[in-house]
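Everything on this sheet refers to the single structure shown next.
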Amino acid sequence: MTALPPMRREILTEILKIVFLSGALSLLLIISIYLSGKNPKSVFSNNYQSINSILVMSDSLDSLFLARNHLIELKKKEMEDFQSALDYLEKYNENPIEIDLLKKIKVLFESYKLNDKNLIYSEYVKMRELLKKLVEENQKSNAKIIADRESLTTKILILSCILFCFALFLSVYFSEKLSSRIAQPIKKIAEILQHKPSLGQKLKFPQPENLEIKILLIELNDLWKRLSDLHNANMKNLNAQRNELDAVFDAMEDAIFILDHLGKIEHHNKVFAKVMGAKANHLNFQAWNDVSLSSLSYIQLRNLLRKESFEETQFYAVVDQVGCLFQVRKKIIYDNNKNKCGTIYILHDITNTLSPEHFSELSLKLQEAQSKYE
């Protein structure tokens with residue numbers, strides 16, 4: 008026999024899946040937010056250095072031009088600063104347009120050095136224009152970097168939303184799977200019991216998928232078997248008691264029948280069946296107001312008991328083609344909680360206790376009264 012896994016392990020596995028999935032999603036979202044808000048420091052630092060280098064080149068160019076006009080004394084530092092800034096821009100610049108501008112500036116600067124450091128005005132103006140274009144290109148690069156960062160942030164946000172929805176779907180899926188593992192077996196068991204199977208009938212429970220449900224089904228089957236055995240024992244006792252009670256009633260000379268709280272005939276003896284013109288035990292468990300009899304005695308007695316509230320009355324009936332007078336007594340039966348659980352009726356034959364004249368007078372009177380109940 009294959010060992011079934013305990014339900015606790017299955018529940019723990021599903022819960023851990025949800026927890027780990029939620030943790031991974033949270034970590035991913037934190038990283039996404041961090042990356043989307045993080046500035047590329049190296050890019051901005053290089054861009055700042057590039058702007059600073061262009062400014063240095065601009066200042067140095069002005070100094071070189073002024074020195075050419077003997078307005079200031081040419082210093083070696085201006086030459087070195089210009090060359091250093093130019094070298095830095097060539098080294099770290101990747102924009103093709105800026106690289107082309109730097110090459111042109113370098114050509115003019117080399118020409119200046121070869122021309123006995125004599126910077127003519129036209130070259131100065133041209134270099135100033137190149138530096139201006141270099142600044143513009145640098146600004147365009149900055150704007151593009153910012154636009155790219157915004158685009159990247161938007162893409163990361165969209166991706167995070169997609170991942171969140173996907174993770175949410177998986178969480179709902181695992182939650183539904185977990186609830187199904189717990190509720191589905193119990194639901195199937197409840198559906199079987201809701202059909203109210205008869206005691207003694209074998210219950211067809213579903214195959215268990217875990218250890219706890221298997222133990223539960225074993226206990227339910229064992230309990231159902233014990234209930235069935237107890238029911239069978241009770242039915243045997245009830246049948247034995249009914250047979251004993253029927254034997255006692257049959258030994259009595261009076262006609263007796265008992266109605267339960269629903270108005271059904273619970274017991275009757277042979278004398279009562281004879282008075283009603285029915286077979287013995289034929290009336291048991293039939294509704295008193297709807298017995299399958301067409302005899303006049305049954306119809307008149309039914310209507311008498313229905314229309315009169317009494318504890319004792321008289322009734323005329325023909326038994327074996329002989330007219331008889333019965334003293335009818337009624338006794339209500341109560342249970343331990345003082346609730347009505349049945350009614351016993353006794354029909355005592357008083358025919359032989361009356362004189363012929365009294366019998367004839369009373370018979371005619373009862374026949375006339377009972378004919379109104381037909």
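All residue numbers for the sequence shown refer to my numbering, where the first residue is 8 and numbers rise by one. Where a beta carbon is used, it is the ideal one built from N, C-alpha and C, also for glycine.
Item to complete: Look at the alpha carbon of SER378 and the alpha carbon of SER362, and state the distance between them as a whole number of angstroms.
Response: Using only the alpha carbons, I get a separation of about 24 Å.
Worksheet entry | Own chain, CB closer than 6 Å to ASN276, minus 5 neighbours either side, in chain order | Around ASN276: PHE256, ASP257, ILE263.
Worksheet item: Should the stretch 21-41 be regarded as contacting the stretch 180-193, the criterion being three or more beta carbon pairs within less than 8 Å?
Response: Short answer: they touch.
Worksheet item: Quick one: Cα of LEU78 to Cα of SER118, how far?
Response: Because LEU78 sits at a pLDDT of 47, beneath the cut-off of 50, its placement in the model cannot be relied upon, and the following sentence gives the value as read from the coordinates. The alpha-carbon atoms of LEU78 and SER118 are separated by roughly 21 Å.
Worksheet item: Just the Cα atoms here: how many angstroms apart are MET8 and ILE220?
Response: Confidence in MET8 is poor, its pLDDT being 44 and thus under 50, which makes the residue's placement unreliable; the coordinate value appears in the next sentence. In a straight line, the C-alpha of MET8 is about 16 Å away from that of ILE220.
Discussion item. By the three-class DSSP mapping on this structure, what secondary structure does GLY330 have?
Written reply: Three-state DSSP puts GLY330 in a strand.
Worksheet item: Do the stretch 295-309 and the stretch 321-338 touch if we need at least three Cβ pairs shorter than 8 Å?
Response: Contact holds: three or more Cβ-Cβ distances are below 8 Å.
Worksheet item: If you drop the 5 nearest sequence neighbours on each side, which residues of the same chain put their C-beta closer than 8 Å to that of LEU373?
Response: Excluding five sequence positions before and after LEU373, the CB atoms of its chain that fall closer than 8 Å to its own CB belong to GLN321, PHE322, TYR323, LEU332, given in chain order.
Fill in: Start-to-end residues for the alpha helix (DSSP H) that takes in ILE163
128-201 is the extent of the alpha helix (DSSP H) around ILE163.
Worksheet item: Does the pairing of the stretch 103-118 with the stretch 32-40 give three or more beta-carbon distances under 8 Å?
Response: With fewer than three CB-CB distances shorter than 8 Å, the stretch 103-118 does not count as touching the stretch 32-40.
Fill in: Rounded straight-line distance, which links the Cα of HIS289 to that of ALA376
The straight-line gap from Cα to Cα measures roughly 29 Å.
Worksheet item: CB-CB under 7 Å to LEU266, same chain, minus the five flanking residues each way: which ones, in chain order?
Response: Excluding residues within five positions, the ones whose Cβ falls inside 7 Å are ILE272, GLU273, TRP295, GLY349, THR350.
Worksheet entry | Backbone CA spacing between GLN191 and ARG233 [nearest angstrom] | Those two C-alpha atoms are separated by around 26 Å.
Discussion item. By the DSSP assignment, the alpha helix (DSSP H) with ALA254 in it spans what residues?
Written reply: In the DSSP annotation of this structure, the continuous segment of the alpha helix (DSSP H) that includes ALA254 starts and ends at 218-257.
Worksheet item: Nearest CA to the CA of LYS140: which residue from CYS172, SER167, LYS162, ASN102?
Response: The candidate whose alpha carbon is nearest that of LYS140 is ASN102.
Worksheet item: What three-state label does DSSP hand ILE306 in the structure shown?
Response: When DSSP states are grouped into helix, strand and coil, ILE306 belongs to the helix group.
Worksheet item: Residues in its own chain within less than 6 Å of GLY207 by CB, not counting five upstream and five downstream?
Response: Result list for GLY207: SER235, in chain order.
Practice prompt. Assuming ASN149 and ILE61 form a contact by the criterion Cβ under 8 Å, report the distance between their Cβ atoms to the nearest whole angstrom.
Written response: So it is not a contact: roughly 13 Å between Cβ atoms.
Practice prompt. Along the beta strand (DSSP E) that carries LEU269, what are the first and last residues, could you check?
Written response: Annotation for LEU269: no beta strand (DSSP E) segment contains it, and DSSP assigns it neither H nor E.
Fill in: For GLY330 and SER370, believed in contact at Cβ under 8 Å, the rounded distance
The distance from the Cβ of SER370 to that of GLY330 is about 6 Å, consistent with a contact at the 8 Å cut-off.
Discussion item. Taking DSSP's pairing of strands, which residues face VAL26 in a bridge?
Written reply: Bridge partners of VAL26: none, in fact.
Fill in: Three-state secondary structure assigned by DSSP to SER107
Reading off the sequence shown, one finds Asp at residue 107, where the question assumed Ser. ASP107: helix per DSSP, three-state reduction.
Worksheet item: Taking C-alpha atoms, which residue in TYR352, LYS314, ALA240, SER316 lies nearest to SER279?
Response: It is Phe, not Ser, that sits at residue 279 in the sequence shown. Of all alpha-carbon atoms in TYR352, LYS314, ALA240, SER316, the one lying nearest the alpha-carbon of PHE279 is that of TYR352.
Worksheet item: What is the C-beta distance between MET134 and LEU68, in whole angstroms, given that I count them as a contact (C-beta under 8 Å)?
Response: Beta-carbon to beta-carbon, MET134 and LEU68 are separated by about 6 Å, close enough to satisfy the 8 Å threshold.
Worksheet item: Under three-state DSSP, which class holds VAL282?
Response: For VAL282, the three-state secondary structure derived from DSSP is helix.
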